[in-house]
Structure formats: C-alpha cells, structure tokens
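Asks: In this note's numbering, the protein residues as written are 1 to 396. Below are the structure tokens for one structure; questions will follow.
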Amino acid sequence: MPYALLAALVLDNSLAVAILGFLTGALPGLWAFLSERSKLKRTEAVVARQEATIRKQEASVIRLEELVSQLENARVSLTDRIEDLFEEIKKNRPTTSIEAGPPRALDVSNSIFGQPSTILTASGKFVVWIGPPLTDSPRYVLLTWAKEGGAIGFKLRDYIGGQIFQHQGATRSAEAGFHVGECPLDFESLWSAARCHTQARGELDHAVSDFGWWRQRLGLMTAGHESPESRNFSGVITESRNVLLMLSSTQKPPPRDEAHWHAAHRSAEGVSYIATTRKLTGLTAGSSVVAFYGDVALANQLLGFGIYEGYLRIDEEEGRDLLASSELYRSQGLPERAIGLIKLRNFTELPEGACLEGLRCSIQADGAGHGRPLTLLNLPVGPARSQIYFKRPSGE
C-alpha cells in the first residue's frame, strides 16, 4: 500500500511538472500572438484613417475642379456680355472718317461661323476647311502665316489639289509638289471664309515640306469630315443639355484605343460604359449626348459620342462589378482619379476630321443663357476645357 501511494504521488508530480512545462513554453508564444494581433489592429485602424483622409482629399479635389469649371463658365458668359455691350456701343456711336476705314490688319473675325475677334500671334499654323474658288471641292488645307510689321504674309497649301496660294509678305519660293498661285483673298477674308480651324500642334505639328504625309493626312481628315459618322453626330444633337469631355493622352488607356474599343464592344443592347474622372450634372437620359475629344497631343480631334443613359460611381457595387468585367480597363488600366462610369447607348467612334462647327451648338455656362458658338477656337482654357456643356439653340 505505501508503494502504491508513493507511485501515485510521483505520477501526480510528473503531471504537474508536464502541465507547468507546457504553460511555460506556450505563454510566451500566446503573448507574442496577442501582441502582434494588437499591432495589426492598430495598423488597420491607421490605414482606415488614411483611406478616409484620401477619400476626403479626392472629394475636395473634385469640388475644387467643379468650382474652377463654374468660374471659367462664368468668365466666358461675362466675356460674351462685355463683347455684346461693346458691339452695341460701336453701333450707337458716330464714327469718324478714320474709324470708318478698313479694319486693322491684325483684327481677324469670323462672324458667320462664330469665330471670335483675334489678335494674331507672330506666326501660326492651322488646318482649315475651305472650298471653291480656292479649291475645286471643299476639303482640309494647311494655312500658315508670319507677321512682319503691320502686314501678314501667308501661304495656303492645298496638298490634295497640289496648289499653293501665297499672299503679301510670304517668301516667294517654289515647293515640291505644288503649283504656285496668288491668293485672291486677303487674310481677314480667308480666315472668315474658312471653317473648322484646328491648330496644327501635337500630332499635326509636322513639317510642311513633307508633301506625301500631309496629302495622306488631310485626305483622311477630309473623308472623315464627310463620313456618315460625322453626319450622324450632328443628327443626334437635340435641344437637351450635352457635354464634351476631354480624354488625355497622358492617361490610360490611350484615347483613340479607348474610343475604338468601346465602339467595337458594345453590348447586344448597344450599351457601353466609359470611365471618367468627371461628375456630370443636368444631363437627360435618352436624349443628352456625351462627346469626347483629344488633348493637345491629339490636336483636339473629336474621338466619339454616344447617347447618355446614366452614371455609376465606381465605389458602389454595380460600378465595381462592371469595372471588374471590362477587358479594356483590366488590361490597360484606368485614368487617374477615375470616379465613375458613363452609361452610353450607341457609342460611335468619329474619324479624324469630324468638326464641332457642324453641330451649330453653343457653349453653356452654368446659370447663363446661350454662350459663344461651340468651336475649337472658342473652347475655354485651363481645367474648364476638360468638361464643356453645350446645347443646340431652339429652332436650329
């Protein structure tokens, strides 16, 4: 009996030692686990606060951009009003013999197509749309000029017809591929007769001596100007509020690729979802038009358009799901600070050469009436250039 009791005591002590040993080994690990978990929770809390701060900053940036856009629109409206008042004063004020003379050489206006009065820079390079008697049929040509003193010397190069027209002050020299002639119009008349004034910068800033390049490029632009897509663009514009959005060549995906992809991958119902960094207001589903154009690197060429059907935020479930299912945005990325998806019906890619002037619409400033005509030359400068509302006047 004593031996049995002794054995039991030894067994109990061994068990106690084993339990104590287990706890001694496990407690540091448990303590380390709990410490790491606490650190992780603190880190998650810090990250959550940072994300909330970033969202607030993004919202502030968006509000600031909208405020800048509103201020720019207000500036455009005020400028228009000042110009109207100035014209009224000129009409009502008696003119002297000097004032009644010919216009100053540097004042160029295009009242027919709504181009503003412009003080020309020392030199310029524009692609313009012009027709008879300078060309045998309407098409795009290249107009360059240089100012010396009070005179403007210019050259109008019709690469398709192989004719170059020169005027006062222009260097008299033959150029390969051209027949040289004297322009029957002075610069003011030529500028006023031209349409679709597109500054030759970015991808159009090409050497004038490259006859073959310009002939091909202007031929493509002329065909695009007269294409069914361009005519359809004008036909879908109603009296609803519409918007013109700029796509930047510095952002993903490349603007021309994006327009081409959406035109080729519309759903069976003709619907496309295009990512945007802008918040849209005042558009009417089913009738408003959303149009897109390129930045300076793309010579501000029109890219495409569609009928507005709605707007989805990408921080909401439906927007996230649509974005995740988009092959384009998964493979090529999103624009920085993208906040939404524009739902468009019948998105159509526009060829090079499509022109804003053919829409005969006017720029709309928030809270104001009809503004200046919608042309490339009339687009506002700065951030407001990224989002321009426009409308077709009643009865057009």
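Here a beta-carbon is modelled for each residue, glycine too, at the ideal position from N, C-alpha and C.
#1: Could you pull out every residue in the same chain whose Cβ sits closer than 7 Å to the Cβ of LEU298, ignoring the five residues on either side in sequence?
#2: So who's on the other strand from GLU182, going by DSSP bridges?
#3: Which first and last residues belong to the alpha helix (DSSP H) in which ARG231 is found?
#4: One question on the structure: do ALA291 and LEU328 come within less than 7 Å of each other, judged by their Cβ atoms?
#5: Where does ASP158 land, buried or exposed, given buried means 16+ other C-beta within 10 angstroms?
#6: Spell out the partners DSSP gives PHE390 in its beta bridges.
#7: Pair every Cβ in the stretch 266-279 with every Cβ in the stretch 226-237, then say whether three or more of these pairs are closer than 8 Å.
#8: Taking only the alpha-carbon atoms, compute the straight-line gap between VAL399 and ILE388 and give it to the nearest angstrom.
#9: Looking only at C-alpha atoms, which of ASN232, GLY333, ALA223 and GLY286 sits nearest to THR276?
#10: Suppose the cutoff is 8 Å on Cβ atoms and the five residues either side in sequence are ignored; what does the same chain contact list for ARG266 look like?
#11: Using only CA atoms, which one of LEU185, LEU356 and ARG392 lies nearest to ASN378?
#12: Counting only the same chain and skipping the five closest in sequence on each side, list residues whose C-beta sits under 6 Å from that of GLN57.
#13: Taking 6 Å as the limit between beta carbons, can you name the residues of its chain near GLU397, skipping five residues before and five after?
#14: Would you list, in sequence order, the uninterrupted beta strand (DSSP E) runs of no fewer than 3 residues that lie entirely inside the stretch 306-356?
#15: Please list the terminal residues of the continuous alpha helix (DSSP H) segment that includes SER189.
#16: Closer than 8 Å is the cut-off here; do at least three beta carbon pairs connect the stretch 190-202 with the stretch 306-313?
#17: Within 10 angstroms of its Cβ, does LEU247 collect 16 or more other Cβ (buried), or is it exposed?
#18: Look up GLU44 in the DSSP assignment and say whether it is helix, strand or coil.
#19: On the DSSP letters alone, give me the boundaries of the alpha helix (DSSP H) that ALA122 sits inside.
#20: Quick one: is LEU64 buried, meaning 16 or more other Cβ sit within 10 Å of its Cβ, or exposed?
#21: Does DSSP put ILE160 in a helix, in a strand, or in coil?
#22: Out of curiosity, what's the CA-to-CA distance linking ALA354 and SER234?
#23: Considering only the alpha carbon of each residue, which of THR238, ARG337 and PHE178 lies closest to GLY162?
#24: Taking buried to mean at least 16 other C-beta atoms within 10 Å of its own C-beta, is PHE33 buried or exposed?
#25: Going by beta carbon distance, what residues of the same chain come within less than 6 Å of SER60, once the five residues before and after it are set aside?
#26: Provide the residue span of the beta strand (DSSP E) that contains THR276, from first to last.
#27: Which same chain residues end up closer than 7 Å to ASN232 when comparing Cβ atoms and leaving out the 5 residues on each side of it in sequence?
#28: Would you identify the three-state DSSP class for GLU175, choosing helix, strand or coil?
#29: Skipping 5 residues on each side, what residues in its chain have a beta carbon closer than 6 Å to that of GLY358?
Replies: Quick answer:
#1: GLY202, GLU203, SER249 and PRO255, listed in sequence order.
#2: DSSP output for GLU182 lists GLN166 as bridge partner(s).
#3: 228-236 is the extent of the alpha helix (DSSP H) around ARG231.
#4: Not closer than 7 Å, so no.
#5: With 16 or more Cβ atoms within 10 Å of its Cβ, ASP158 is classed as buried.
#6: PHE390 pairs with ASN242 and ILE363.
#7: No, the stretch 266-279 is not in contact with the stretch 226-237.
#8: Within the shown structure, residues of the chain are numbered from 1 to 396, placing residue 399 beyond reach of any answer.
#9: For the options ASN232, GLY333, ALA223 and GLY286, the alpha carbon positioned closest to that of THR276 is the one of GLY333.
#10: Hits under 8 Å: SER272, ASN346 and PHE347.
#11: Among LEU185, LEU356 and ARG392, the Cα nearest to that of ASN378 is on LEU356.
#12: Closer than 6 Å at the Cβ level, and outside the excluded window around GLN57, lies no residue.
#13: This structure gives no information on residue 397, because the portion of the chain shown stretches from 1 to 396.
#14: Those beta strand (DSSP E) runs which fall completely within the stretch 306-356 and span 3+ residues are 340-349.
#15: Its alpha helix (DSSP H) spans residues 187-193.
#16: At 8 Å Cβ cutoff, the stretches do not touch.
#17: Under this definition LEU247 is a buried residue.
#18: Here DSSP, grouped into helix, strand and coil, assigns GLU44 to helix.
#19: Here ALA122 belongs to no alpha helix (DSSP H), and DSSP marks it neither H nor E.
#20: LEU64 should be labelled exposed.
#21: Here DSSP, grouped into helix, strand and coil, assigns ILE160 to coil.
#22: Those two C-alpha atoms are separated by around 10 Å.
#23: The alpha carbon of GLY162 has as its nearest neighbour, out of THR238, ARG337 and PHE178, the alpha carbon of PHE178.
#24: Looking at its Cβ environment, which holds fewer than 16 other Cβ atoms inside 10 Å, PHE33 is exposed.
#25: Counting only Cβ-Cβ distances below 6 Å, and skipping sequence neighbours, we find nothing.
#26: Here the beta strand (DSSP E) through THR276 covers 271-276.
#27: Contacts found: THR348.
#28: DSSP places GLU175 in coil when its eight states are reduced to three.
#29: Within the same chain, GLY358 has close Cβ partners SER234.
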